[in-house]
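Participant:
2 protein chains.
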Amino acid sequence: MEQTSALGRPRSEPARRAVLDAALRLVRRDGYQAVTIKGIAEEAGVGRQTIYRWWNSKREVLLEAIIDLARPIAQPEPTDDPVHDLRQILRGSFRLSPVAGPIISGLMADATNDPEFLAQLQSELLARRRALIRETLERAQRAGTVGEGAELNLVTDMIWGTMWYRVLSRHAPVNEALADEVTDAVLRLLGSAGK
Amino acid sequence: MEQTSALGRPRSEPARRAVLDAALRLVRRDGYQAVTIKGIAEEAGVGRQTIYRWWNSKREVLLEAIIDLARPIAQPEPTDDPVHDLRQILRGSFRLSPVAGPIISGLMADATNDPEFLAQLQSELLARRRALIRETLERAQRAGTVGEGAELNLVTDMIWGTMWYRVLSRHAPVNEALADEVTDAVLRLLGSAGK
DNA sequence: CTTAATACGAGACACCATGTCCAGTAAAGT
DNA sequence: ACTTTACTGGACATGGTGTCTCGTATTAAG
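Residue numbers (my numbering), protein chains in the order written: chain C, 17 to 211; chain Z, 17 to 211.
(1) Buried or exposed for Z:M17, going by 16 or more other Cβ atoms inside 10 Å?
(2) Closest to Z:I119 by C-alpha separation, out of C:G108, C:G61, C:N129, would be which residue?
(3) Enumerate, from N- to C-terminal direction, the unbroken alpha helix (DSSP H) stretches of 4 or more residues contained entirely within the region 85–158 of chain C.
(4) Output the distance between the C-alpha atoms of Z:F110 and Z:G55, rounded to the nearest integer angstrom.
(5) On the criterion of 16 or more Cβ atoms from any shown chain inside 10 Å, does Z:D96 qualify as buried, or is it exposed?
(6) Just checking my contact of Z:L141 with Z:I89 at CB under 8 Å: how many whole Å lie between their CB atoms?
(7) Would you say Z:S16 lies against chain C (beta-carbon separation less than 7 Å)?
(8) According to DSSP, is C:E192 helix, strand or coil?
(9) Under a CB-based cut-off of 7 Å, is C:T20 close to chain Z?
(10) Answer yes or no: does any C-beta atom of chain Z fall closer than 7 Å to that of C:G63?
(11) How about Z:P118: is its C-beta nearer than 7 Å to some C-beta of chain C?
(12) Which full runs of the beta strand (DSSP E) of 3+ residues lie inside the region 159–184 of chain Z, going along the chain?
(13) Taking Cβ-Cβ distances shorter than 8 Å, what residues in chain C pair up with Z:A50?
(14) What did DSSP end up calling Z:P26 once you bin it into helix, strand or coil?
(15) Over what stretch of residues does the alpha helix (DSSP H) that includes Z:A60 continue unbroken?
(16) Counting only Cβ pairs nearer than 8 Å, list the residues of chain C close to Z:S121.
(17) Classify C:E93 as buried or exposed, calling it buried when 16 or more other Cβ atoms lie within 10 Å of its own Cβ.
(18) Answer yes or no: does any C-beta atom of chain Z fall closer than 7 Å to that of C:W71?
(19) Under 7 Å between C-beta atoms, does Z:T178 make it to chain C?
(20) Would you kindly work out how many angstroms separate the C-alpha atoms of Z:V183 and C:L23, rounded to a whole number?
(21) Using beta carbons (cut-off 7 Å, strictly below), is C:L11 in contact with chain Z?
(22) Would you tell me roughly how many angstroms separate the C-alpha atoms of C:G117 and C:P26, rounded to the nearest one?
(23) Given a limit of 8 Å on CB to CB distance, which residues of the region 138–159 of chain Z reach chain C?
(24) Using the C-alpha atoms, what's the distance from Z:L153 back to Z:A159?
(25) Does DSSP put C:Y48 in a helix, in a strand, or in coil?
(26) What is the rounded straight-line gap between the Cα of Z:G122 and the Cα of C:P30?
(27) Using the Cβ count rule (16 or more neighbours within 10 Å means buried), how would you classify Z:T52?
(28) Report the CB separation of C:L168 from C:R150 in whole angstroms; it is logged as a contact under 8 Å.
(29) Count the other CB atoms, across all protein chains shown, that sit within 10 Å of the CB of Z:P98; report buried if there are 16 or more and exposed otherwise.
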């Protein structure tokens, strides 16, 4: 859904924001499944055709919305203390999880039967957040906090996986204390696992 | 959706199985989202009302279907080697994941805005599989393979979380080798983290 | 064997979201 | 002014929803 021409009336940024904001409001209020294009259009005060012009489905709307939302919050400035950075990333992610959790789990469910959308979800959201952790772990490795032989790929999956599992299954409260618990446990395990 | 009376025609087990099997076939073919009650009824050769009589929604149908399916496969007989058992549980789960992954992720997404269904999903599926791992880890702890001080709750979440994250995000192939990789890594970490 | 109670398959029904199309209007460049 | 594209609003056929009703089937009780 690209637009290259410089001719004619340009795309309305207010309409774009209204759509994304309305989608976020509705998914919070009614849940992923209950969100409809029609509902978003009405909530945003926007013609339905305007949504169909720029997005193919509600999942594309919500993917763009969550990317916009996650960018500033869950991606803090790197400092010279990788452990601190890791903690901040996880804290930000957990803080975002009440909104992001329902959306991303809905997007993942949607992606299971749509390889194209899975690739898009992969490259635009999941892979970036993966890379964030991985790079921080690499810095920690260079700083000596994490053993040289640690398999960072697997550890990255463990960190995100543990977080996701808790967010999705919710057998325990999800808060910043949990973020610290995960950070500490992973680092303790890694520190003594320099193999 | 209970039925206690012993009067009148009893529930048809063939119809029940036909519904559950049809639901599994359809979710494989078309994905969770695309499955509809109407579709299940037609695929199963069953009246639509028969489904509504026993289940409230397609998610309850699929929950029952996946529970029936997972019971025999992903729950092997315990042996006297807890490490072997752990490996077998994960192998079974990964083997089941092409079918179970789309369904469970759909169920989780559905559950985010429905506390009652979340509780049901929790108690009937997630908690049981959690307990399976936890008990095996406890046996491993008694056998000395896992350090005494290890936080089994967190470790259980790490194991299921890592598995789920890989199944859902699919940035890497999901197979039995991956099950072994996860098992080995967790045990290596735990063995040296008796703290 | 009749009767009461319940389950079954099939279909009708009003409701709502989908995705497309069209009309009229708005905002940009030439 | 004219062209081009975006915007809101509404119409439209299609298909799923959840409820209801029909006639029939299967069980236990009398």
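For every residue, glycine included, the Cβ atom is placed at its ideal position computed from N, Cα and C.
Facilitator: Straight from the coordinates:
(1) For Z:M17, the predicted structure reports a pLDDT of 43, less than 50, and the residue's modelled location is therefore unreliable. A value from the coordinates is still provided. Counting Cβ neighbours within 10 Å, Z:M17 comes out exposed, since fewer than 16 surround it.
(2) C:N129
(3) 98–127, 131–137
(4) 28 Å
(5) exposed
(6) About 14 Å separates the two Cβ atoms, so there is no contact after all.
(7) Any answer about residue 16 of chain Z is impossible in this case: the structure gives chain Z only from 17 up to 211.
(8) helix
(9) A caution first: C:T20 carries a pLDDT of 48, below 50, which makes its placement in the model unreliable, though a value can still be read off. Cβ-Cβ to chain Z under 7 Å: no for C:T20.
(10) no
(11) yes
(12) none
(13) N129
(14) coil
(15) 53–60
(16) S121, M124, A125, T128
(17) exposed
(18) no
(19) yes
(20) 45 Å
(21) No statement about residue 11 of chain C is possible, as the shown extent of chain C runs from 17 to 211 and does not include it.
(22) 34 Å
(23) Q138, L142, A143, R146
(24) 10 Å
(25) coil
(26) 33 Å
(27) exposed
(28) 6 Å
(29) buried
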